[in-house]
Amino acid sequence: MTARALAELTESVLAGERGRPPSELTVTSAFWLRHATRLAGAATTYLNHYVVLRVGGVFGASSFESGEVAADFCEGAAGRALAELIADERPAVRVAALDAYLSAVRPHRTAPEAEVVALPAGTPEQRAAARDAAVAGLLDVEPEGRVALIGVVNPLIAAIRERGGVPLPCDLNLRTTAWGDPVAESMATVLAEADAVVATGMTLSNDTFDPLLATCRARGLPLIVYAQTGSAVVREFLGAGVTALSAEPFPFSQFSAEETALYRYRR
Numbered sequence: 010m011t012a013r014a015l016a017e018l019t020e021s022v023l024a025g026e027r028g029r030p031p032s033e034l035t036v037t038s039a040f041w042l043r044h045a046t047r048l049a050g051a052a053t054t055y056l057n058h059y060v061v062l063r064v065g066g067v068f069g070a071s072s073f074e075s076g077e078v079a080a081d082f083c084e085g086a087a088g089r090a091l092a093e094l095i096a097d098e099r100p101a102v103r104v105a106a107l108d109a110y111l112s113a114v115r116p117h118r119t120a121p122e123a124e125v126v127a128l129p130a131g132t133p134e135q136r137a138a139a140r141d142a143a144v145a146g147l148l149d150v151e152p153e154g155r156v157a158l159i160g161v162v163n164p165l166i167a168a169i170r171e172r173g174g175v176p177l178p179c180d181l182n183l184r185t186t187a188w189g190d191p192v193a194e195s196m197a198t199v200l201a202e203a204d205a206v207v208a209t210g211m212t213l214s215n216d217t218f219d220p221l222l223a224t225c226r227a228r229g230l231p232l233i234v235y236a237q238t239g240s241a242v243v244r245e246f247l248g249a250g251v252t253a254l255s256a257e258p259f260p261f262s263q264f265s266a267e268e269t270a271l272y273r274y275r276r
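Using this note's numbering, the first residue of the sequence shown is number 10, and each one after it goes up by one.
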C-alpha cells in the first residue's frame with residue numbers, strides 16, 4: 010500500500026491499515042537530544058536536535074529546529090500509546106512516532122528488500138565519508154548532471170562531485186559550503202534546475218516533504234532520500250515519488266565509533 014502524501018500515510022496508520030493498531034503499542038523510552046559536530050579541519054559546525062522514541066526493539070526519530078520541542082517532552086512521552094503521539098501537534102513528535110510505528114511493524118533489519126551497508130569502525134570523518142559514499146551510490150546521474158541537494162552535508166557534496174555530478178545545494182541554515190559555494194535557501198530555486206534530487210529526511214519534519222515529492226513526481230525527477238529522520242516513513246513512499254532511500258535508524262552513525270549498519274532501498 011503506497012502513500013502519496015504524509016497526511017494520507019498518517020491516516021492509514023491510525024486506521025490500522027498497516028498492521029497492529031498504534032493504540033496497542035506503547036513508548037517505553039523517550040529521548041530529547043542536542044548534538045553539535047565539527048569534523049576535523051572543517052569550518053562548519055552542524056547543530057542538530059532530535060526526538061527519539063523507543064517502542065520494543067526499535068526506535069523512531071526526527072530532527073527538529075531549535076525551540077520546536079522542549080527538553081521536558083520526554084517526561085510526558087514515555088508510557089504513552091503511539092497513536093496519541095502520531096496525532097501530536099508538533100511535527101517532529103508526529104514524525105518520530107510514525108517512524109517508530111512503521112519500524113515496529115517492519116524493522117529495517119528484517120526487510121528482505123533492504124541492502125545492508127556496514128559503516129566501518131573509525132573516526133567521525135571516516136564514518137561520515139563512508140555514509141555519504143553509500144548515499145551517493147544510489148545516485149545515477151550523467152556526467153555534469155545537476156543534483157539538487159536539499160539539506161547540505163559537506164562530505165555528501167564531495168561524494169556527488171566524485172560521481173561526476175554538479176551539486177545544487179539548498180539549506181535553511183547554511184549559506185555557503187565548505188568550498189565557498191553559495192547555498193540557496195529556497196528549495197524551488199534548485200529544483201527548477203535539477204536533473205536529480207538528493208534530500209534529507211528532515212524534509213518530513215519541516216513540512217517540505219510533500220511539495221518536494223509532488224514536484225519530483227510531476228517532473229519525473231529521481232528522488233534519493235538520506236534519512237535519519239523518519240527512515241521508515243520515507244520507505245512508504247518508494248515508488249510514489251521516492252526512487253531510492255538510505256535509511257539510517259537510531260542509533261545514528263555519529264553516535265558510535267563502532268561498525269553500524271544503514272539500509273539502502275531502490276525502486
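We treat Cβ as the ideally placed atom computed from N, Cα and C, and that holds for glycine.
Because the structure is a prediction, the values reported are computed rather than measured.
Endpoints, the beta strand (DSSP E) within which residue i is located
| i | result |
| --- | --- |
| Phe68 | Val67 to Phe73 |
| Thr209 | Ala205 to Thr209 |
Residue i burial status per 10 Å Cβ neighbour count (16 or more: buried)
| i | result |
| --- | --- |
| Leu56 | exposed |
| Ala163 | Note that residue 163 corresponds to Asn in the displayed sequence, not to Ala. With 16 or more Cβ atoms within 10 Å of its Cβ, Asn163 is classed as buried. |
| His117 | buried |
| Arg140 | buried |
| Asp108 | buried |
| Met196 | buried |
| Arg273 | buried |
| Glu267 | exposed |
For residue i, the residue or residues it bridges with in DSSP
| i | result |
| --- | --- |
| Ser255 | Tyr235 and Arg273 |
| Ala5 | For residue 5 there is no data in the structure shown, the boundaries of the chain being 10 and 276. |
| Ser38 | Arg63 |
| Cys179 | Ile159 and Ala193 |
| Glu124 | Arg273 |
| Ala90 | Thr35 |
| Thr212 | Its beta-bridge partners do not exist; DSSP assigns none. |
Integer-rounded CB distance, given that residue j should sit under 8 Å from residue i
| i | j | result |
| --- | --- | --- |
| Met211 | Thr252 | Not confirmed; about 18 Å, so no contact. |
| Val61 | Leu42 | 6 Å |
| Ala105 | Gly69 | 5 Å |
| Leu200 | Val192 | No, Leu200 and Val192 are not in contact; Cβ-Cβ is about 14 Å, not under 8 Å. |
| Gly131 | Pro152 | At roughly 31 Å, the Cβ-Cβ gap does not stay under 8 Å, so Gly131 and Pro152 are not in contact. |
| Leu15 | Asp190 | About 30 Å; that fails the 8 Å criterion. |
| Thr269 | Leu128 | 5 Å |
| Val144 | Ser255 | 5 Å |
Residue range of the unbroken alpha helix (DSSP H) whose run includes residue i
| i | result |
| --- | --- |
| Glu134 | Pro133 to Ala145 |
| Leu15 | Leu15 to Leu23 |
| Pro30 | Run containing Pro30: none; DSSP gives neither H nor E here. |
| Phe218 | Phe218 to Arg228 |
| Ser262 | Per DSSP, Ser262 belongs to no alpha helix (DSSP H) and is neither H nor E. |
| Ser240 | Ser240 to Arg244 |
| Ser112 | Pro100 to Val114 |
* Given 8 Å as the limit, is there contact between the stretch 195–214 and the stretch 228–243, that is, 3 or more CB pairs closer than that? -> In short, these stretches touch, since the Cβ pair count reaches three.
* Asked: If you pair each beta-carbon of the stretch 261–276 with each one of the stretch 85–98, do three or more pairs fall below 8 Å?
  -> They do not touch, by the three-pair rule.
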